[in-house]
Amino acid sequence: MKQIFSILAILLLSSCAELQQVVNNLPQTTGGFGITNIDIANGLREALDNGIDKQVTKLTQKDGFYRNQLVKILLPQELQKVDKTLRDIGLGKLADEGLKAINRAAEDAVKEATPIFIGAVKQITFNDAKQILLGNNKAATQYLESKTRSQLYQKFNPVINKSFSKVGADKIWSNIITKYNAIPLTNNVNPDLTDYVTGEALKGVYAMIAVEEQEIRTKLSSRTTDLLRRVFALQDR
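Numbering-wise, the sequence shown is residues -19 to -1, 1 to 218 according to mature numbering (1 follows the signal peptide of the UniProt record, and there is no 0).
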């Protein structure tokens, strides 16, 4: 992942015209930098692999979602009244268990992501790299999302549904909703959270990849390989 982002960082210090001129020279080499088409494409694949391994793996760990405020899955808007009401009547612990359950389901689902990401990375071409190079500050993340979102949704949804049962989320939420519905003057709710949590899990995955993108764009210390340093030299020029 880091390689892509280092290329993307060119945009911060280069004008579009200058950058286009650099890209037009890439079929041979990039000036005195000695970077070829193959270097760029291989560097992007290497960087994507590294970023996926570093950031996506964090989400598969226990509380990878729940204790990460950037991606923590909260209740959908229409159910937040349930959470608030439970806490107001002294059932905060039950509400916390409900949130943990849906976040744990997302952790299980993300374990399915790596093979799909790896497949997308293997398919990257120099044309892909060129588009990312000329893209906006989230171009790398957007590239991966465009290549993987549909497949990931199909993978995540049944895993989350199954995980709800495995971690007891179905029972926890049944208990929560039963207690909520028993409170006088409340409107009964009967939510199906699977699609909602699937969507939130996907947001979390791409949010973490975007974090890595920002790291490589802004921190010199993230240039951890020779190829990263050479590519970043384009930005420093």
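Backbone N, C-alpha and C fix where the C-beta goes; we use that ideal spot for every residue, glycine too.
Counting along the chain, the unbroken alpha helix (DSSP H) around Leu133 starts and ends at 120 to 147.
Judged by DSSP secondary structure, Pro57 falls outside any alpha helix (DSSP H); it is assigned neither H nor E. The alpha-carbon separation between Phe145 and Tyr124 amounts to approximately 30 Å.
Residue burial annotation: Asn162 is exposed, with fewer than 16 other C-beta atoms found within 10 angstroms of its C-beta. For Asp89, the uninterrupted alpha helix (DSSP H) segment begins and ends at 73 to 91. In the three-state reduction of the DSSP assignment, Pro96 falls in the helix class. In terms of Cβ geometry, Val178 and Ala87 form a close pair [threshold 8 Å]. One Cα belongs to Ala188, the other to Asn117, and the distance between them is close to 16 Å. If you draw a straight line from the Cα of Phe107 to the Cα of Asp89, it is about 34 Å long. In the three-state scheme derived from DSSP, where H, G and I count as helix and E and B as strand, Ala163 is classed as coil. With a cutoff of 8 Å on beta-carbon distance, Val37 and Phe137 are scored as not near each other. Judged by their CB atoms, Thr66 and Ile164 are nearer to each other than the 8 Å cut-off. Apart from the 5 residues on each side of it in sequence, Ala22 sits with its Cβ closer than 7 Å to the Cβ of Ile105, Thr106, Phe107, Ala110 in its chain, given in chain order.
Where Gln61 is concerned, the enclosing alpha helix (DSSP H) starts and stops at 61 to 69. Rounded to whole angstroms, the Cβ separation of Leu208 and Asp20 is 6 Å, and the two are in contact under 8 Å.
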